[in-house]
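Student:
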Amino acid sequence: MMSQSSENVPAIPNPLHDLHQQAGAEFQAYAQLEVVSTFGEPQAEYAAIRKGAAMIDEPQRGILELTGADRLPFLNNLLTNETWDKTSKTGLTPGQGRYAFFLNTKGRIVADMNVVERGDRTLLDMDARMVEPVRAAFDKFLFREQVKMVSRGGALHTMALHGPGAVKILEEGAGVTIPADLAQGGSYEARLFDVPAVVWRDDACGVPGFHLIVETASARKVWMGLVAQFYENHEPGHRRLRPVGWAAFNATRIEAGRPIFGIDFDDSVLPAETGQAARAVSFTKGCYLGQEIVARMHARGQVARQLVGLRMGDDALPMAGTLIYDDADNQVGGVTSSTVSPVLSNACIAIGFVKKPFIPAGSIVNIPAEGKVRKATVVELPFVDPSH
Numbered sequence: 007m008m009s010q011s012s013e014n015v016p017a018i019p020n021p022l023h024d025l026h027q028q029a030g031a032e033f034q035a036y037a038q039l040e041v042v043s044t045f046g047e048p049q050a051e052y053a054a055i056r057k058g059a060a061m062i063d064e065p066q067r068g069i070l071e072l073t074g075a076d077r078l079p080f081l082n083n084l085l086t087n088e089t090w091d092k093t094s095k096t097g098l099t100p101g102q103g104r105y106a107f108f109l110n111t112k113g114r115i116v117a118d119m120n121v122v123e124r125g126d127r128t129l130l131d132m133d134a135r136m137v138e139p140v141r142a143a144f145d146k147f148l149f150r151e152q153v154k155m156v157s158r159g160g161a162l163h164t165m166a167l168h169g170p171g172a173v174k175i176l177e178e179g180a181g182v183t184i185p186a187d188l189a190q191g192g193s194y195e196a197r198l199f200d201v202p203a204v205v206w207r208d209d210a211c212g213v214p215g216f217h218l219i220v221e222t223a224s225a226r227k228v229w230m231g232l233v234a235q236f237y238e239n240h241e242p243g244h245r246r247l248r249p250v251g252w253a254a255f256n257a258t259r260i261e262a263g264r265p266i267f268g269i270d271f272d273d274s275v276l277p278a279e280t281g282q283a284a285r286a287v288s289f290t291k292g293c294y295l296g297q298e299i300v301a302r303m304h305a306r307g308q309v310a311r312q313l314v315g316l317r318m319g320d321d322a323l324p325m326a327g328t329l330i331y332d333d334a335d336n337q338v339g340g341v342t343s344s345t346v347s348p349v350l351s352n353a354c355i356a357i358g359f360v361k362k363p364f365i366p367a368g369s370i371v372n373i374p375a376e377g378k379v380r381k382a383t384v385v386e387l388p389f390v391d392p393s394h
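Positions 7 to 394 (the numbering used here) are the ones given, in order, by the sequence shown.
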């Protein structure tokens with residue numbers, strides 16, 4: 007699932023690709039990119055996210071940087087979440103952040119993004135394919151405002167640490183104390199191996215998660231420094247940090263009920279249908295692009311379809327793209343992501359869209375999997391309690 011406007015955006019070379027090859031990584035396609043699927047030990051990589059600390063490269067993420075005095079009110083007029091309080095005329099303070107959607111005039115999602123405010127600039131983290139299309143779309147709304155927008159795809163690179171041990175790794179590696187009250191989307195600046203980094207929090211896997219934004223030219227130094235200090239210098243079984251691939255991350259983010267733009271939803275979807283409106287939409291901030299449709303759906307409290315959790319009744323795993331049916335063989339939805347969950351006793355779970363009558367938890371649907379139509383139960387997301 008991906009908008010047409012982003013499909014022809016050329017991929018940016020990954021500065022860490024050859025390092026991953028040397029480490030024996032297996033790769034998989036991610037649109038025009040290759041991402042690491044696994045470093046050869048998927049079970050250990052999964053365990054590192056759930057119980058220790060895991061480091062994942064994120065070449066599929068990109069940064070749009072905004073500077074200028076009017077950037078926060080400008081964003082407030084375009085995004086679903088609040089970046090500027092019109093009453094007090096104050097914006098996000100340095101270190102604050104928001105998750106938000108950028109919509110078209112019909113209320114459909116053009117892109118989602120994490121707004122990371124640093125005081126002198128605002129960083130918008132999003133799917134790398136969307137950076138230039140979003141910049142071009144924003145530019146059409148820029149008139150006399152003091153705002154400068156720069157696509158930083160080639161200049162900045164992102165990696166992330168996930169797991170209960172991620173905080174300690176960052177504190178030791180950067181020699182700083184992470185604020186105990188760092189909120190979701192919150193950020194701070196640090197130096198890792200003498201490399202300046204913006205660190206911002208997002209618990210996408212249901213465990214503490216920290217994204218590191220560094221200059222592309224320094225990405226190798228940070229990656230190799232963390233590997234040397236916390237992986238190579240420890241005996242197997244006692245390694246404090248493990249490089250992981252998409253397979254382990256994908257399993258844990260599905261368990262955490264975190265849909266991804268371009269995989270689970272695209273530009274045909276309304277905010278309320280994603281199940282993410284509570285963290286992505288402000289219903290009190292006033293007008294923004296597409297706001298009337300969002301407000302109308304919120305007032306009605308109903309959607310025609312929605313992303314939900316699906317737990318299979320047996321050990322068969324449906325593939326993404328599989329259609330979902332009711333007992334009369336009517337199509338009522340489709341699977342967008344699926345995985346086998348180790349923490350749920352290897353239950354087969356999925357995220358997918360279902361039509362309105364099947365949204366309530368406990369609804370039973372039919373999903374083809376491994377050559378046979380099987381029962382599945384709609385469950386509330388997340389599958390795994392973040393405190394697990």
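For glycine and all other residues, C-beta sits at the position ideal for the given N, C-alpha and C.
Does the distance from the CB of arginine 380 to the CB of isoleucine 373 come in under 8 Å?
Tutor: Yes, Cβ-Cβ distance for arginine 380 and isoleucine 373 is below 8 Å.
Student: Could you tell me the distance, in whole angstroms, from the CA atom of serine 288 to the CA atom of isoleucine 266?
Tutor: Their backbone Cα atoms lie some 20 Å apart in a straight line.
Student: What does the alpha-carbon distance come out to for the pair leucine 323 and leucine 72?
Tutor: Between leucine 323 and leucine 72, the C-alpha separation is close to 43 Å.
Student: May I have a chain-ordered list of the beta strand (DSSP E) segments no shorter than 3 residues that lie completely inside the region 199 to 237?
Tutor: Whole beta strand (DSSP E) segments, 3+ residues: 201 to 207, 215 to 221.
Student: Would you tell me roughly how many angstroms separate the C-alpha atoms of histidine 304 and leucine 276, rounded to the nearest one?
Tutor: Rounded to the nearest angstrom, the two C-alpha atoms are 11 Å apart.
Student: Based on DSSP bridge pairs, tell me the residues matched to histidine 163.
Tutor: In DSSP, histidine 163 forms a bridge with Val220.
Student: Taking just the CA atoms, how far does glycine 315 sit from threonine 111?
Tutor: Looking at the two C-alpha atoms, the distance is approximately 29 Å.
Student: Rounded to the nearest angstrom, what separates histidine 244 and glutamate 51 at their Cα positions?
Tutor: One C-alpha to the other measures close to 13 Å.
Student: Over what stretch of residues does the alpha helix (DSSP H) that includes proline 48 continue unbroken?
Tutor: Looking at the DSSP string, the run of the alpha helix (DSSP H) that includes proline 48 is 48 to 57.
Student: Let me confirm a value: methionine 61 is counted as buried when at least 16 other C-beta atoms fall within 10 Å, else exposed. Which label applies?
Tutor: It counts as buried.
Student: Can you find at least 3 beta carbon pairs, one from the region 120 to 127 and one from the region 72 to 89, that sit closer than 8 Å?
Tutor: A contact exists between the region 120 to 127 and the region 72 to 89.
Student: For phenylalanine 359 and threonine 183, I'd like the C-alpha separation in whole angstroms.
Tutor: Spanning the two alpha carbons is a distance of roughly 41 Å.
Student: Which residues does DSSP pair with glutamate 71 in a beta bridge?
Tutor: According to DSSP, which records beta bridges pairwise, glutamate 71 is partnered with Leu129, Val156.
Student: For arginine 380, which beta-bridge partners are listed by DSSP?
Tutor: DSSP lists Ile373 as partners of arginine 380.
Student: Beta strand (DSSP E) containing lysine 361: first to last residue?
Tutor: Where lysine 361 is concerned, the enclosing beta strand (DSSP E) stretches over 353 to 361.
Student: In chain order, what residues of the same chain have a beta carbon less than 6 Å from the beta carbon of glutamine 227, not counting five sequence neighbours either side?
Tutor: Contrary to the premise, residue 227 reads as lysine rather than glutamine in this sequence. Phe199, Val201.
Student: Indicate whether the contact test is met: 3 or more Cβ pairs, each with one atom in the region 158 to 169 and one in the region 202 to 219, closer than 8 Å.
Tutor: Touching, per the Cβ criterion.
Student: I want to see whether chain E comes within less than 8 Å of glutamine 190, judged by CB atoms only; does it?
Tutor: The displayed structure is made up of one protein chain only, and chain E is not part of it.
Student: When the Cα atoms are used, what is the spatial distance from aspartate 391 to serine 344?
Tutor: Each residue's alpha carbon lies about 18 Å from the other.
Student: Tell me, to the nearest whole angstrom, how far the beta carbon of tyrosine 294 is from that of asparagine 83; I am working on the premise that it is less than 8 Å.
Tutor: That belief holds up - the Cβ atoms of tyrosine 294 and asparagine 83 are roughly 6 Å apart, short of 8 Å.
Student: Is it true that the region 186 to 193 meets the region 95 to 102, where meeting means three or more beta-carbon pairs spaced less than 8 Å apart?
Tutor: With the cut-off at 8 Å, the region 186 to 193 and the region 95 to 102 touch.
Student: Taking its Cβ as the centre, do 16 or more other Cβ atoms sit within 10 Å of threonine 342, making it buried, or is it exposed?
Tutor: Buried, because 16 or more other Cβ atoms sit within 10 Å of the Cβ of threonine 342.
Student: In terms of residue numbering, what span does the beta strand (DSSP E) encompassing arginine 259 cover?
Tutor: Element bounds for arginine 259: not the beta strand (DSSP E) but the alpha helix (DSSP H), 252 to 261.
Student: Does phenylalanine 389 come out as helix, strand or coil in the three-state DSSP assignment?
Tutor: Coil.
Student: Could you tell me how far apart the beta carbons of proline 286 and asparagine 120 are, in whole angstroms, since I believe they sit closer than 8 Å?
Tutor: Inspection of the sequence shows that residue 286 is occupied by alanine rather than by proline. Incorrect: roughly 10 Å between the Cβ atoms, too far for contact.
Student: Measuring CB to CB, does leucine 329 end up less than 8 Å from aspartate 270?
Tutor: Result no, Cβ atoms of leucine 329 and aspartate 270 do not sit closer than 8 Å.
Student: Can you tell me the Cα-Cα spacing of glutamate 47 and arginine 207, whole angstroms?
Tutor: Each residue's alpha carbon lies about 26 Å from the other.
Student: Flag this pair as yes or no: are the beta carbons of glycine 319 and alanine 382 separated by less than 8 Å?
Tutor: Cβ distance < 8 Å, so glycine 319 and alanine 382 count as in contact.
Student: Taking the straight line between their C-alpha atoms, what separation do you get for glutamate 40 and serine 274?
Tutor: Those two C-alpha atoms are separated by around 25 Å.
Student: Between the alpha carbons of phenylalanine 236 and alanine 367, how many angstroms are there, rounded?
Tutor: One C-alpha to the other measures close to 42 Å.
Student: Measure the Cβ-Cβ separation of valine 205 and leucine 176 and say whether it is below 8 Å.
Tutor: Yes, the Cβ-Cβ distance between valine 205 and leucine 176 is below 8 Å.
Student: By Cβ distance below 8 Å, which residues in the same chain neighbour alanine 257 in space, the five residues on each side in sequence not counted?
Tutor: Hits under 8 Å: Tyr52, Thr345, Val346, Ser347, Pro348.
Student: Report the rounded CA-to-CA distance for methionine 8 versus proline 19, giving the unit in angstroms.
Tutor: Any reading at methionine 8 must be qualified, since the residue scores a pLDDT of 43, below 50, and its modelled position is unreliable; the value itself is stated next. Answer to the nearest angstrom: the Cα atoms are 21 Å apart.
Student: For phenylalanine 80, which of helix, strand or coil comes out of DSSP?
Tutor: Note: phenylalanine 80 maps to helix in three-state DSSP.
Student: Are alanine 203 and serine 43 closer than 8 Å when you measure CB to CB?
Tutor: Going by C-beta atoms, alanine 203 is not nearer than 8 Å to serine 43.
Student: Going along the chain, which residues of its own chain have a beta-carbon closer than 8 Å to the beta-carbon of glycine 97, five neighbours each way excluded?
Tutor: The residues are Leu78, Pro79, Asn82, Thr89, Trp90, Asp91, Glu123.
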